[in-house]
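First the structure, in the form of structure tokens, and then the observations on it.
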Amino acid sequence: MRLRRVPQDTVFYERMADLVGQMRQCNLVLAELSGSDVGQRREVADQLREIGDRADEDMGAVLRALRENYITPFDRYDLYLLCHHMREICHLLHGAGFVLASEAFDTLPSGVLETLAVLSNQTDHTSRMVSKLPGKLDQWDYVDAINRLTHQVETLQWRMSDAVPNSKRGLTYMAAVSQLGQAFVRAAHGFTELGKVVASIAIKES
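Here the sequence shown stands for residues 129 to 334, where the numbers follow the working numbering.
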């Protein structure tokens with residue numbers, strides 16, 4: 129395949145915007161899921177799998193663009209990792225939604241809505257980062273904000289996993305709460321991994 133030697137910035141930034149759009153859709157489905165009746169949750173959660181499939185397609189487009197373009201707007205590996213982690217976040221949010229749809233939750237555990245808000249905030253920060261990236265490769269403010277928000281999710285997990293009130297609902301409920309908290313933390317850490325790539329870009333390009 130013949131490589132283009134003229135920078136094709138637009139195609140990469142368009143694919144990043146597409147991936148951010150999939151992340152936003154995941155947040156919207158999770159919000160819908162949190163307000164759904166128990167019997168409807170699994171059907172709502174299935175939308176997350178479809179979003180993950182679209183994110184995979186967007187990542188495939190990134191890989192094709194990398195194969196076709198010799199010159200990229202910044203380090204090729206960092207560009208790959210940036211898009212890879214955005215795709216992975218979609219799948220991690222899908223995982224959180226799968227657990228959230230559990231029939232073990234007749235009512236949602238304490239801290240779920242707050243955690244969903246924090247994850248949505250991380251996506252908002254990511255959207256702003258991507259929109260500024262063409263003109264600003266040094267984005268330490270994003271790295272700092274994402275790390276702080278991840279710590280918030282970890283703190284909320286402790287609240288969610290409080291054994292005293294959960295024990296009154298039985299072992300099945302306690303196990304489901306533990307799985308949900310872990311799924312939320314994994315999703316937040318997905319953003320942290322994305323932040324590490326943004327830091328790498330800032331170090332190399334600033």
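All residues carry an ideal CB built from backbone N, CA and C; glycine is no exception.
Simplified DSSP state of residue i, which is helix, strand or coil
{"i": "ALA193", "result": "helix"}
{"i": "GLU333", "result": "helix"}
{"i": "ASP186", "result": "helix"}
{"i": "LEU236", "result": "coil"}
{"i": "SER164", "result": "coil"}
{"i": "TYR141", "result": "helix"}
Exposure label - residue i; buried when at least 16 CB within 10 Å
{"i": "GLY188", "result": "exposed"}
{"i": "GLN168", "result": "exposed"}
{"i": "VAL148", "result": "buried"}
{"i": "HIS222", "result": "buried"}
{"i": "PRO262", "result": "exposed"}
{"i": "GLY163", "result": "exposed"}
{"i": "VAL292", "result": "Confidence at VAL292 is low in this model, with a pLDDT of 49, below 50, so its placement is unreliable and no value can be given for it."}
{"i": "GLY298", "result": "exposed"}
{"i": "ILE199", "result": "exposed"}
{"i": "LEU126", "result": "The structure shown has nothing for residue 126, since the chain only spans 129 to 334."}
{"i": "ASP290", "result": "exposed"}
{"i": "HIS253", "result": "buried"}
Residue from the options with nearest C-alpha to residue i
{"i": "GLN150", "options": "ASP266, GLU282, LEU220 and GLN310", "result": "LEU220"}
{"i": "ALA311", "options": "ASN275, GLU216, THR200 and TYR205", "result": "GLU216"}
{"i": "ASP186", "options": "THR283, HIS317, LEU228 and VAL139", "result": "VAL139"}
{"i": "PHE226", "options": "VAL166, LEU277 and GLN280", "result": "VAL166"}
{"i": "VAL172", "options": "CYS218, LEU156 and SER334", "result": "LEU156"}
{"i": "ASN249", "options": "ASP290, ASP174, GLU196 and ALA315", "result": "ALA315"}
{"i": "PRO237", "options": "MET288, SER334 and ALA159", "result": "MET288"}
{"i": "ASP174", "options": "LEU228, SER255 and VAL258", "result": "LEU228"}
{"i": "ALA224", "options": "LEU161, GLN280, SER334 and VAL325", "result": "LEU161"}
{"i": "ARG256", "options": "VAL326, SER334 and ASP184", "result": "VAL326"}
{"i": "THR251", "options": "SER334, THR320 and TYR301", "result": "THR320"}
Beta carbon proximity, residue i to chain D, threshold 9 angstroms
{"i": "ASP186", "result": "Given the protein chain composition of this structure (a single chain), no chain D is represented."}
heavy atom of the ligand FMN below 8 angstroms from residue i C-beta
{"i": "VAL271", "result": "You won't find the ligand FMN in this model; it holds no ligand whatsoever."}
Exercise for the section: Would you check if there are 3 or more beta carbon pairs closer than 8 angstroms linking the segment 238-252 to the segment 173-191? Expected result: Cβ pair count under 8 angstroms is below three, so no.
Practice task
Could I get the ranges of all uninterrupted beta strand (DSSP E) runs contained in the segment 247-328, with 3 residues as the minimum, in chain order?
Solution key: none
Problem - Touching by the beta-carbon criterion (3+ pairs, under 8 angstroms), the segment 207-214 and the segment 142-160 - result: yes
Practice task
Check whether the segment 298-310 touches the segment 228-235, taking contact to mean three or more Cβ pairs, one atom from each stretch, closer than 8 angstroms.
Solution key: yes
Practice task
Say whether the segment 320-332 touches the segment 257-274, bearing in mind that this needs 3 or more beta-carbon pairs closer than 8 angstroms, one atom from each stretch.
Solution key: yes
Exercise for the section: May I have a chain-ordered list of the beta strand (DSSP E) segments no shorter than 3 residues that lie completely inside the segment 200-232? Expected result: none
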